[in-house]
Each structure stands twice: as C-alpha cells, then as structure tokens.
Amino acid sequence: MARVVNFNAGPAALPLAALEQARDELIDFEGTGMSLLEHSHREAPYEKVHREAIALLRRMLSVPETHDILLMQGGARGQFAIVPMNLLHAGKSADYVVTGTWAKQAHEEAVLFGNMAGAKARVVVSTEKDKKFARIPTKDELAFDPSAAYVHITSNNTLFGTQWQSYPETGDVPLVADMTSDLLSRPIDVSKFGLIYAGAQKNVGPSGVTVVIARKDLIAGGRTDIPQIFRYKSFADSESLFNTPPTFAIYVMRNTLRVLEEQGGIEALTRENAAKAKLLYDTIDASPDFWRAPVEKASRSIMNVVWRLPTEELEKKFLGEAKAASLVGLKGHRSVGGVRASIYNAVRLADVEKLVAFMREFEKKNG
Ligand SMILES: Cc1ncc(COP(=O)(O)O)c(C=O)c1O
Numbered sequence: 329m330a331r332v333v334n335f336n337a338g339p340a341a342l343p344l345a346a347l348e349q350a351r352d353e354l355i356d357f358e359g360t361g362m363s364l365l366e367h368s369h370r371e372a373p374y375e376k377v378h379r380e381a382i383a384l385l386r387r388m389l390s391v392p393e394t395h396d397i398l399l400m401q402g403g404a405r406g407q408f409a410i411v412p413m414n415l416l417h418a419g420k421s422a423d424y425v426v427t428g429t430w431a432k433q434a435h436e437e438a439v440l441f442g443n444m445a446g447a448k449a450r451v452v453v454s455t456e457k458d459k460k461f462a463r464i465p466t467k468d469e470l471a472f473d474p475s476a477a478y479v480h481i482t483s484n485n486t487l488f489g490t491q492w493q494s495y496p497e498t499g500d501v502p503l504v505a506d507m508t509s510d511l512l513s514r515p516i517d518v519s520k521f522g523l524i525y526a527g528a529q530k531n532v533g534p535s536g537v538t539v540v541i542a543r544k545d546l547i548a549g550g551r552t553d554i555p556q557i558f559r560y561k562s563f564a565d566s567e568s569l570f571n572t573p574p575t576f577a578i579y580v581m582r583n584t585l586r587v588l589e590e591q592g593g594i595e596a597l598t599r600e601n602a603a604k605a606k607l608l609y610d611t612i613d614a615s616p617d618f619w620r621a622p623v624e625k626a627s628r629s630i631m632n633v634v635w636r637l638p639t640e641e642l643e644k645k646f647l648g649e650a651k652a653a654s655l656v657g658l659k660g661h662r663s664v665g666g667v668r669a670s671i672y673n674a675v676r677l678a679d680v681e682k683l684v685a686f687m688r689e690f691e692k693k694n695g
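All you need for the working numbering is the position in the sequence shown, starting with 1, plus 328.
1) Between the alpha carbons of residue 634 and residue 526, how many angstroms are there, rounded?
2) So is the beta-carbon of residue 492 under 7 Å away from any non-hydrogen atom of ligand 1?
3) According to DSSP, residue 556 sits in a beta bridge with which residue or residues?
4) Is residue 601 near ligand 1 - that is, is its Cβ less than 7 Å away from at least one heavy atom of it?
5) Listed in chain order, which residues are found with a beta carbon closer than 6 Å to a heavy atom of ligand 1?
6) Between residue 539 and residue 528, which are expected to be in contact by the criterion C-beta below 8 Å, what is the C-beta distance as a whole number of angstroms?
7) Where residue 418 and residue 503 are concerned, what is the direct C-alpha to C-alpha distance, given to the nearest angstrom?
8) For residue 666, count neighbouring Cβ atoms within 10 angstroms of its own Cβ and tell me buried if that reaches 16, exposed if not.
9) Which value, in whole angstroms, describes the spacing of the CA atoms of residue 587 and residue 447?
10) With distances taken Cα to Cα, identify the nearest neighbour of residue 499 among 506, 480, 520, 575.
11) For residue 580, tell me which candidate among 622, 563, 605, 532 has the shortest Cα-Cα distance.
12) Could you check what DSSP says for residue 420 in three-state terms: helix, strand or coil?
13) Among 399, 350, 372, which residue has its Cα nearest to the Cα of residue 383?
14) Is residue 681 near ligand 2, in the sense that its beta carbon is under 7 Å from a heavy atom of that ligand?
15) What number of angstroms, rounded off, separates the C-alpha of residue 362 from the C-alpha of residue 377?
16) How close, in whole Å, do the beta carbons of residue 442 and residue 416 come, if the pair is a contact with beta carbons under 8 Å?
17) Quick one: any contact between the segment 607-624 and the segment 645-654, if contact means 3 or more CB pairs under 8 Å?
18) Sorted by chain position, which residues of the same chain lie with C-beta nearer than 7 Å to residue 680's C-beta, five sequence neighbours on each side aside?
19) On the CB-based measure, 16 or more other CB atoms within 10 Å of its CB, does residue 355 come out buried or exposed?
20) Assign residue 493 to buried or exposed, taking buried as 16 or more other Cβ atoms, counted over all protein chains shown, within 10 Å of its Cβ.
21) Would you tell me roughly how many angstroms separate the C-alpha atoms of residue 375 and residue 694, rounded to the nearest one?
22) On the CB-based measure, 16 or more other CB atoms within 10 Å of its CB, does residue 487 come out buried or exposed?
23) Among 582, 551, 553, 541, whose alpha-carbon lies nearest the alpha-carbon of residue 390?
24) When you compare only the Cα positions, how much space is there between residue 555 and residue 648?
25) Nearest CA to the CA of residue 401: which residue from 489, 335, 453, 576?
26) Within 10 angstroms of the Cβ of residue 484, are there 16 or more other Cβ atoms? Answer buried if so, exposed if not.
27) Fully enclosed by the segment 587-634, which alpha helix (DSSP H) runs are 4 residues long or longer?
28) What do you get for residue 515, buried or exposed, if any count of 16 or more other CB atoms within 10 angstroms of its CB means buried?
29) Per DSSP, residue 670 is paired with what?
30) Looking at the structure shown, is residue 370 part of a helix, part of a strand, or coil, going by DSSP?
31) Do residue 543 and residue 523 count as a contact pair if the criterion is CB distance below 8 Å?
32) Starting from the Cα of residue 645, find the closest Cα among 408, 687, 366 and give me that residue.
33) Under a three-way DSSP split, which group does residue 458 fall into?
34) Would you mind giving the Cβ-Cβ distance between residue 426 and residue 456, rounded to the nearest angstrom? I have them listed as a contact below 8 Å.
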C-alpha cells in the first residue's frame with residue numbers, strides 16, 4: 329500500500345502510528361475480546377482512554393487548573409451556537425472580529441441566538457471588504473466594548489490562510505477563540521483565554537470530537553435556560569461523560585496525541601511547523617512572477633498556506649500533476665480558488681520538502 333502525501337484541510341492527515349495502533353487494536357482492544365467500538369463508555373477500558381486523552385491535552389497545552397477541558401460533539405460550528413447559548417446573557421452584547429467565513433458564521437449564529445434571548449452580537453471589525461479577508465486587523469481597529477460578554481476571534485482562518493500572530497488584549501472581557509485549525513501547533517498561554525474551542529479534525533485527531541477549554545467560572549456562570557445537552561456545565565460536571573461520547577474519535581485522538589507527545593510535544597511541533605511554513609513561503613516568494621501569495625506577510629498562517637499561479641489553467645494543471653505525483657488535497661477552498669497546502673501537525677517537514685521539489689520542477693517546465 330502506498331500512502332499519499334495528504335495536504336487536506338480537514339479531516340486531514342493523521343500520524344501513521346496512530347492509525348496503525350487503531351488497526352492493530354480494532355477487533356480486540358487490549359485483550360478484552362471486543363473492539364473499543366463495542367465497549368461501554370461507562371466501563372474501565374474506555375474510561376481509561378477518555379481520561380488519558382484529556383490528560384494529554386492538559387499536559388501538552390499546559391492548561392492551568394483554572395480551566396476545564398471538555399470533549400463535546402457538534403464540531404466547531406456547534407460551538408458557534410453553544411458559545412453564545414452559554415455566555416451571552418440577556419441584555420448583554422458580544423464582540424466578534426470577522427476575519428473569514430468561519431468567523432462570519434460564528435457571528436451570525438450569535439445574532440440568531442441573541443434575537444431569541446434578548447442579547448446582541450456586534451462586529452468589531454471585518455476584513456472582508458477592503459482585503460477579501462487577506463489580513464488580520466491591526467491593534468487600532470480593535471475597539472472592543474469594555475462591557476461585552478466576550479470577544480470572539482478565529483485564531484487561524486483555514487480558507488484564507490491568515491493567522492493571528494499575537495492575541496488581542498481584552499482586559500476583563502473574556503477572550504473566546506475558535507482554534508479549530510491551529511490548536512496544538514504552537515504554544516498558547518491558556519490563562520489569557522476565557523474559552524478555546526476546536527474541532528479535532530485538523531491538528532489533534534479525527535472528526536467527531538470537539539475540544540473545549542474553558543475557564544471554570546465562565547462554565548459555572550453559564551446560562552441555565554438552555555437545554556442541558558448544550559450546557560458546558562453538564563460536560564464539566566461529568567468529565568465529559570454526560571451522554572455517550574464519540575468513543576472511537578476520542579480514542580484516535582488519544583493515539584494521535586501520544587504520537588505527537590513522543591515526537592517532542594508542543595516545542596518540537598512549534599519548531600517543525602515554523603520550518604515547514606518557512607520553506608513553503610520562501611519557495612513562493614522566490615518566484616513572485618510565477619507564484620503569488622495573496623495574504624499580507626504579517627498575517628500569514630503557518631497552517632494553511634494559500635497561493636495562486638499566473639492563470640487558472642496553470643492552477644488546474646498544477647493540481648492535476650501534483651495529484652498524479654501523490655501530493656493530494658492541494659485545491660484551494662471552492663470559495664477562494666487557487667492552491668492551499670494545509671500543513672498541520674501530522675504533515676512532516678519531509679512531506680513539505682516533496683511538495684517544494686515538485687513546485688520547483690513545475691515552475692521550470694511552465695514558468
Ligand atoms: C476555523 C474553523 N472554524 C470552524 C470550522 C467548522 O468546523 P466543523 O466542521 O467542525 O463544524 C472549520 C472547518 O474547517 C474551521 O476551519
């Protein structure tokens with residue numbers, strides 16, 4: 329079997345060792361005579377996996393005791409609704425920084441909930457009109473409402489290839505971040521955040537599980553007039569065993585985190601992710617007449633690198649030939665076009681080296 333080099337935006341590449349472990353244990357999990365897929369979530373074999381997954385996240389991300397780690401379902405889009413359902417109290421307003429399609433949708437969900445619940449969601453600034461989301465706002469554009477319920481940002485904009493290089497200061501207002509496409513790719517000071525959420529399917533595991541890291545006081549003070557299944561408190565009080573969790577997704581996330589920790593954890597990931605992104609951007613920048621990166625340099629993402637070729641025909645040719653060379657998943661999002669390489673944690677430097685070698689060859693022939 330030949331594995332391709334997978335630059336998918338998500339679900340995305342997983343470490344081979346994490347998949348091999350799942351394969352080897354699929355039918356008989358740790359000598360129990362059944363698959364983990366068949367185990368009760370209320371019994372020791374699964375509970376051990378569940379607790380280890382949470383412990384790995386806590387250790388690798390240095391999550392302080394002030395914050396709970398919750399494993400939920402519904403993906404990041406679920407959190408677009410669940411965040412305001414919990415944190416946007418009647419009479420309050422939340423601030424949204426709109427830096428991409430996901431951020432825009434997060435805001436729209438908060439508006440909908442606010443309409444039902446006597447609250448508001450305001451756009452602090454949007455970078456859609458002036459720059460088609462090709463930049464992160466500057467400090468002076470961020471005039472936050474000091475009485476806001478929270479400030480919501482999207483730390484990495486998966487479609488447009490932009491990323492916050494440092495996080496905004498929000499004073500006493502809790503900072504909420506959608507980190508779906510960059511959680512665990514670089515160090516974060518969790519204590520600066522009220523709440524972080526991420527669909528696991530890019531950097532930390534497969535789809536089906538959503539990681540939420542939230543300050544305990546925010547969880548405790550969450551709205552109680554919402555269904556129990558959407559309350560952070562339900563998950564915090566039950567170690568995320570409020571209802572049947574996505575057991576297999578959490579198991580594969582556990583395997584993935586183990587591999588990433590063995591590779592050196594957040595320090596090694598930070599180093600390698602920076603090297604991968606630098607190699608790719610350097611290659612693009614070296615031939616500005618052929619490759620063009622639309623994102624402002626200061627806003628470039630180290631996770632999703634987007635670029636264009638001189639014509640759409642050449643882009644099509646590039647993607648076709650790349651695929652034939654086993655470099656897959658490079659098509660830009662349908663709303664953006666062009667090329668996008670998603671270089672999450674499980675994509676190694678050697679994989680990006682293969683891509684860059686292919687790019688140089690392609691340029692030589694077509695430039
Ligand atoms: C930054 C960001 N937020 C939200 C989402 C939506 O995530 P989900 O499909 O888990 O709802 C994505 C998916 O690509 C994303 O990249």
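Glycine is no exception: its CB is placed at the ideal position from the N, C-alpha and C atoms.
Let me lay it out:
1) Each residue's alpha carbon lies about 21 Å from the other.
2) Outside the cutoff, so no.
3) Bridge partners of residue 556: none, in fact.
4) Short note on residue 601: C-beta not closer than 7 Å to any heavy atom of ligand 1.
5) With 6 Å as the limit, the residues whose C-beta approaches a heavy atom of ligand 1 more closely than that are 338, 403, 404, 405, 430, 482, 486, 506, 508, 509, 527, in chain order.
6) Indeed they touch by this definition, with Cβ atoms about 6 Å apart.
7) So the two alpha carbons sit approximately 19 Å from each other.
8) Per the 10 Å Cβ criterion, buried.
9) Going by the C-alpha atoms only, they are around 43 Å apart.
10) Taking each of 506, 480, 520, 575 in turn and checking the Cα distance to residue 499, the smallest one comes out for 520.
11) Of the listed residues, the one whose Cα sits closest to residue 580 is 532.
12) Coil.
13) Of the listed residues, the one whose Cα sits closest to residue 383 is 399.
14) Of the ligands one can find in the structure shown, namely ligand 1, none is ligand 2.
15) Answer to the nearest angstrom: the Cα atoms are 15 Å apart.
16) About 6 Å; that satisfies the 8 Å criterion.
17) Counting Cβ pairs under 8 Å, fewer than three are found: no touch.
18) The residues are 604, 607, 608, 671.
19) Flag for residue 355 reads exposed.
20) Result: exposed.
21) Approximately 55 Å between the Cα atoms of the pair.
22) It is buried - the Cβ of residue 487 has at least 16 other Cβ atoms within 10 Å.
23) Per the Cα distances, 541.
24) C-alpha separation (whole angstroms): 48 Å.
25) Looking at the Cα atoms, 576 is the closest of the given residues.
26) Residue 484 comes out buried.
27) Counting only runs of 4 or more, we get 593-614.
28) Residue 515 is exposed by the Cβ-count criterion.
29) 632, per the DSSP bridge assignment.
30) In this structure, residue 370 counts as coil in the three-state DSSP scheme.
31) Annotated as proximal: residue 523 and residue 543, with beta-carbon spacing under 8 Å.
32) With distances taken between Cα atoms, residue 645 lies closest to 687.
33) Of the three classes helix, strand and coil, the one that applies to residue 458 here is helix, per DSSP.
34) That belief holds up - the Cβ atoms of residue 426 and residue 456 are roughly 7 Å apart, short of 8 Å.
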